[in-house]
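Numbering (this note's numbering), first residue to last: 15 to 364.
Note that CB positions come from ideal geometry on N, CA and C, so glycine has one too.
Single-structure report; data block below.
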DNA sequence: GGATCCTTCTTCTTCTTC
């Protein structure tokens with residue numbers, strides 16, 4: 015159920031701000047429109063406001079046009095945010111469907127799984143300075159709805175913690191995430207030196223990471239044959255790069271794995287927002303990067319919790335990965351369009 | 001050595017009643 019937070023009556027239309035959507039329009043029910051009913055308006059000084067009421071109620075003569083109404087709506091409620099359902103009815107498709115897999119590369123061989131995991135460091139110097147990253151592209155192509163909820167969340171947090179408190183809180187979340195990644199990097203690198211070795215559960219970790227490690231221990235049991243850790247991937251034709259958390263077998267399936275920490279439970283894939291798109295982007299890049307001689311068509315998002323409660327693992331089948339790959343291509347197209355608009359406006363200024 | 005980059009996170013319903 016959605017809760018109505020605010021009700022406004024404008025031109026015979028009820029505007030409801032619900033907990034789910036900022037505003038929704040409904041026609042006023044007859045009981046609210048009918049003058050016969052005892053309404054709150056009955057106490058209004060009708061003589062004093064008669065000319066205003068007449069001008070509002072008159073349908074034959076109106077100074078308002080669709081254009082002025084639109085401008086007024088924009089002024090009061092801000093720009094219209096497209097409902098999600100519209101997108102479902104008319105799904106957008108990328109202009110060009112670039113292949114997710116590289117047909118020239120054969121599937122991974124067992125030989126590649128026996129050595130140490132690959133770890134290609136990010137080197138921005140080698141003509142890569144202008145290549146955009148997965149994170150940047152996703153951040154710059156957030157939907158209006160995502161921006162709305164993120165900004166609302168930030169405002170609420172600042173009200174609660176203050177500017178400085180919020181800054182520290184965010185910093186703390188980032189720090190915990192980084193330490194968790196470092197601990198995983200260490201454990202996965204050392205344990206992979208011996209093929210299919212079970213990952214140790216007895217190791218000691220820093221206090222702020224201990225809970226997260228406990229949280230993922232049941233997942234780590236099913237992770238083996240680690241091939242890459244914190245390694246740079248770059249799509250050779252689509253020209254973007256990123257740093258993949260991990261490439262390994264999970265329950266026997268070779269996947270791109272993304273480790274996440276979260277304060278809130280994320281039991282469903284839909285709770286992970288753009289994370290699946292990020293994973294598909296990394297996998298697509300890896301499949302089209304000469305440094306990796308194998309193909310990955312599946313993914314895994316692991317959400318770990320600080321209190322040690324079991325992490326949620328969301329597996330992305332090859333079908334799902336293809337869907338998210340298409341979404342990634344859309345975001346990439348959007349980013350490229352933004353960039354070319356910025357470039358052309360910059361050249362006009364010069 | 002400093003600056004910059006990639007990443008690390010953050011969103012989608014909240015309160016009442018049974």
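What did DSSP end up calling residue 310 once you bin it into helix, strand or coil?
coil
Reference residue 288, options 159, 229, 236, 247, closest by Cα:
159
My output table needs one value for residue 316: the three-state DSSP class, helix, strand or coil.
strand
Using the three-state DSSP reduction, which class does residue 225 fall into: helix, strand or coil?
helix
Return yes when the Cβ of residue 347 is within less than 8 Å of the Cβ of residue 108, no when it is not.
yes
Is it buried or exposed, residue 291, if we count other Cβ atoms within 10 angstroms and call 16 or more buried?
buried
In terms of residue numbering, what span does the beta strand (DSSP E) encompassing residue 259 cover?
254-264
Coil, strand or helix - residue 321 by DSSP
coil
Helix, strand or coil for residue 156? Go by DSSP, reduced to three states.
coil
Per the contact definition of three or more C-beta pairs closer than 8 Å, is the region 151-168 in contact with the region 264-278?
no
Report the CB separation of residue 276 from residue 319 in whole angstroms; it is logged as a contact under 8 Å.
7 Å
Counting Cβ pairs closer than 8 Å, one from the region 241-258 and one from the region 139-158, do we hit at least three?
yes
Anyone know if the C-beta pair for residue 316 and residue 230 falls short of 8 Å?
yes
Between the Cα of residue 324 and those of 297, 190, 281, spot the shortest distance and give me the residue it belongs to.
281
Alpha-carbon to alpha-carbon, residue 131 and residue 294:
20 Å
Alpha carbon to alpha carbon, how far is residue 301 from residue 189? Give it in angstroms, no decimals.
31 Å
Pull up the distance between the alpha-carbon of residue 175 and that of residue 168, whole angstroms please.
10 Å
C-alpha distance - residue 260 paired with residue 285, whole-angstrom precision
21 Å
Rounding to the nearest angstrom, what Cα-Cα distance links residue 28 and residue 166 in this structure?
A caution first: residue 28 carries a pLDDT of 44, below 50, which makes its placement in the model unreliable, though a value can still be read off. Using only the alpha carbons, I get a separation of about 24 Å.
Within its chain, find whatever has a CB closer than 6 Å to the CB of residue 338; leave out the 5 residues flanking it on each side and keep chain order.
290, 291, 294
Looking only at its own chain, which residues have a Cβ that is under 6 Å from the Cβ of residue 245, when we skip the five neighbours before and after it?
132, 133, 134, 258
I need the straight-line Cα distance from residue 392 to residue 351, nearest angstrom please.
The displayed coordinates of the chain run from 15 to 364. Any statement about residue 392 would go beyond what the structure contains.
Report, in whole angstroms, the separation of the C-beta atoms of residue 115 and residue 309, which I expect to be a contact under 8 Å.
5 Å
Excluding the 5 residues flanking residue 106 on each side, which residues of the same chain have their C-beta closer than 7 Å to its C-beta?
344
Beta carbon of residue 223 nearer than 8 Å to that of residue 181
no
Cα-Cα, which of 296, 313, 307, 305 is closest to residue 266?
313
Under a three-way DSSP split, which group does residue 114 fall into?
coil
Could you name the residues of the same chain whose beta carbon sits closer than 8 Å to that of residue 149, not counting the 5 residues immediately before and after it, in chain order?
256, 292
Please list the terminal residues of the continuous beta strand (DSSP E) segment that includes residue 272.
267-275
Reduced DSSP category for residue 66 - H, G, I as helix; E, B as strand; rest coil
With a pLDDT of 40 at residue 66, under the threshold of 50, the modelled position of this residue cannot be trusted, and the question is left open.
Cutting at 8 Å between CB atoms, please list the residues of its own chain near residue 340, excluding the five before and the five after it.
107, 108, 111
Beta strand (DSSP E) segment containing residue 244, residue limits:
237-249
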